[in-house]
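As structure tokens, the structure follows; a few thoughts come after it.
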Amino acid sequence: MSYYKIHDLENYFKMYKKSVREPRKFWDRIADENFTWYQKWDKVFEFDMEEAQFKWFLNAKVNITKNCIDRHLAKRGDKTAIIFEPNNPDEEAQHISYNELYVRVAKMANVLQEQGIKKGDRVCIYLPMIPELAVAVLACARIGAIHSVVFAGFSSSAVTARINDSECKMVITSDGGYRGNKTIDLKGIIDEALEKSPCVEKVLVVKRTNETINMKEGRDLWLQPLLDTALGNHIATIMDAEDPLFILYTSGSTGKPKGMLHTTAGYMVYTAYTFKNVFNYEENDVYWCTADIGWITGHSYILYGPLLNGATTVIFEGVPSYPDFSRFWEVIEKHKVSQFYTAPTAIRALAKESIDYVQRFQLDTLKVIGSVGEPINEEAWHWYNDHVGGKRCPLVDTWWQTETGGIMISPIPFVTPTKPTYASLPLPGIQPVLMDELRNEIEGNQVTGSLCIKFPWPSMARTIWGDHQRYKETYFSAYPGKYFTGDGALRDEVGYYRITGRVDDVIIVSGHNLGTAPIEDTINEHPAVAESAIVGFPHDIKGNALYGFIILKETGEGRDRTNLAKEINQLISDQIGPIAKLDKIQFVSGLPKTRSGKIMRRILRKIAEGDFSNFGDISTLLNPEIVEEIKNAKL
Ligand code: PRX
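Here the sequence shown stands for residues 1 to 635, where the numbers follow full-length UniProt numbering.
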């Protein structure tokens, strides 16, 4: 019997128990049977929860790209590794085989070394979603350089902060990037960012848009001529299991961005294992995750997880609304996608549009559909399940974080029965617990609390780059001996988990704990409402009261606002209770969102409190202009 692939519910429970009772044996066997190692480990893991020290597969030697590429060549050399779907549907898609990927990564690795990059050096990658992004990431891993991918939508000041924090020696960027009908001047942003980044010695530039750009003598080099003369084979650098693989900054909704550091072997084993199980990947499937490689979802489940399993993975340069709202569905039909993994925010946006956009396309190649990044509300869950999954594809609501490296709680398709809005059960090796305010573990079912993980797992971040103390304090101090996720969750009568949102989004009103997510779900059920966000604001009697920012659908816009507000409160009163009614409602045209689609609640909280003094850094917002608009409407 294989430990790697879970085939039914009984097998899941058996594996889960094994992973808890005998974690060493469990991970030892998975690592041993499914990867290529230069040298095996002396010990499976070693840890100290108080000090936040974790080591996996001690003293093993490995290179993750040998496992992502080289070992597939004999059997899958001609198989497509990457399908590149360009922003413009008239531009031809590219199919890159494993053989071609090998040569491209080898050439890039040789170029990096020729340009002086050595094991342990940090390389910032600021590229659009084009094949060169995947190649650059893998080439860094090939030579042991630590990649720090910065989403190519961040402003120059955000890029500077990230480059300087990890002292990157090199930046890999492009002349520009396409996003929908816009062209973005990426090189211009890098030029500006580098004015304050003295650590960067070289900039390699990919040609994508053919825009005229500035090339700084002695610093900037076009990549293609270097690749043209580079050798097409490369001996991978031997890495220790705990050598750093990459740094990835978390979105930084509060304070300085945190450079989460992930290391090699544990990350490799866990992303491969979870990809195989959560997406039920079979040999000829085409897998598509719509995230950007600039986020952890893209790292783990566009690149590493799929390639470690010899999968075909789609890299999509565009956006769901270009040329129109049918783009996702068109691409699924075009490439015969089997697994589709996206975010609730995209689902909600697309569900607002006419259903014709979906129904025009054949989606019957789909087997599994997935969701990630935020709680998926009931309405969006059903729309996705019914119209995209055709009620036939299991919908995997996957809960995890940049810090966790891989998916932690998720249904396993065709194994775990799904339940709307529930991430369901922990994957083998993951031991979630719910904690109360007194820091006690809450036993039993039908309970809610702060979600912690009480035992290490292979792909957990090892530290915050340059600030281990902050890592310890942020994640291992609130509940000593446990990893604190920052999320709240409930465990239902059968032990399924539902993530209720960040614990800091819970608002206590007259002594009652109210999660913002269930209230928002209820409001969103009102036929005139498109989206909403709830925050708390100080109230003399109740302690806190609720303030709702609500976006109306087009159909709701002509309606009387006072009546609408009454109806919304009636709905909340009916579904949750009068305690959850909103004291104030402001109808808005948009909500401030980070580029990963998360609502920046701290800004809404300040507006709700009437404190317009300092909104902090709003440069990473997708739509900074909305802040002014909401503020002015309130004044
Ligand atoms: O609050 C949880 C939410 O996203 C947070 C992690 O964000 P980030 O590090 O950007 O990673 C997102 C992609 C893995 C979590 O603390 N979150 C993520 N997935 C879910 C979720 N909330 C509810 N349900 C999910 N499936």
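Glycine residues also receive a C-beta, built at the ideal position from the N, C-alpha and C atoms. None of the values given here were measured: they were computed from a predicted structure.
Could you tell me the distance, in whole angstroms, from the CA atom of residue i to the CA atom of residue j?
i	j	result
L204	V123	11 Å
V206	N440	53 Å
E557	W383	23 Å
Y4	P428	11 Å
I442	L425	17 Å
A93	P86	6 Å
I568	V447	28 Å
A351	E50	45 Å
T250	K258	6 Å
H539	P480	33 Å
T421	Y102	40 Å
G116	I130	24 Å
F246	W222	24 Å
T80	C393	24 Å
F35	F549	50 Å
T263	P244	4 Å
P375	K598	11 Å
E520	T485	22 Å
T212	I238	40 Å
H7	F13	11 Å
Mapping the DSSP letters down to three states, classify residue i as helix, strand or coil.
i	result
C452	strand
E353	coil
R360	coil
P198	coil
Y126	strand
M435	strand
I82	strand
I332	helix
C289	strand
residue 637	Given a span of 1 to 635 for the chain in the structure shown, any question on residue 637 remains unanswerable.
W457	coil
E100	helix
S148	strand
D568	Checking the sequence shown, residue 568 turns out to be Ile, not Asp. It is helical.
Y384	helix
R498	strand
L371	Note that residue 371 corresponds to Ser in the displayed sequence, not to Leu. In this structure, S371 counts as strand in the three-state DSSP scheme.
P344	helix
I519	helix
M268	helix
G177	strand
Y4	coil
S619	coil
M260	strand
Going along the chain, which residues of its own chain have a beta-carbon closer than 8 Å to the beta-carbon of residue i, five neighbours each way excluded?
i	result
S321	G180, R327 and A349
F361	S326, W329, E330, I332 and E333
N445	R491, D492, E493, V494 and G495
L571	T522, I523, E525 and H526
F47	Q53, F54, K55 and P456
Give the C-beta separation of residue i and residue j to the nearest angstrom, bearing in mind that I take them to be a contact with Cβ-Cβ under 8 Å.
i	j	result
K454	V433	5 Å
G188	T209	Incorrect: roughly 11 Å between the Cβ atoms, too far for contact.
N67	D42	With a Cβ gap of about 20 Å, N67 and D42 do not count as contacting.
V337	W381	At roughly 20 Å, the Cβ-Cβ gap does not stay under 8 Å, so V337 and W381 are not in contact.
W457	I430	6 Å
E554	S589	No, E554 and S589 are not in contact; Cβ-Cβ is about 11 Å, not under 8 Å.
K18	W37	The pair is not a contact, with the Cβ atoms about 22 Å apart (cut-off 8 Å).
Which residues in the same chain as residue i place their Cβ atom closer than 6 Å to its Cβ, once the five residues preceding and following it in sequence are excluded?
i	result
E403	M260 and A461
A565	I585
Y16	P428
I523	V529, S532 and I568
L9	V415
E609	F537
T345	G597
A230	K107, N110 and V111
Residues in the same chain with beta-carbon distance under 7 Å from residue i, minus the five sequence neighbours each way, listed in chain order, please.
i	result
T160	A193, K196 and S197
residue 697	What the structure shows of the chain is the stretch from 1 to 635, and residue 697 is not part of that stretch, so it cannot be assessed.
D78	S97 and N99
Checklist entry - Should the segment 134-148 be regarded as contacting the segment 97-115, the criterion being three or more beta carbon pairs within less than 8 Å? => result yes
Checklist entry - Does the segment 397-408 come close enough to the segment 267-283 that 3 or more CB-CB pairs lie under 8 Å? => result yes
Checklist entry - At a cut of 8 Å, does the segment 291-311 reach the segment 256-276 through at least three beta carbon pairs? => result yes
Next on the checklist: Contact between the segment 559-578 and the segment 589-601 is defined here as three or more beta-carbon pairs at a separation below 8 Å; is this criterion met?
Outcome noted: no
Checklist entry - Does the segment 119-133 come close enough to the segment 141-155 that 3 or more CB-CB pairs lie under 8 Å? => result yes
Item to check | Three or more C-beta pairs below 8 Å linking the segment 545-564 and the segment 488-495 | outcome: no
Next on the checklist: Using a Cβ distance threshold of 8 Å, determine whether the segment 263-274 contacts the segment 353-369, with at least three qualifying pairs required.
Outcome noted: no
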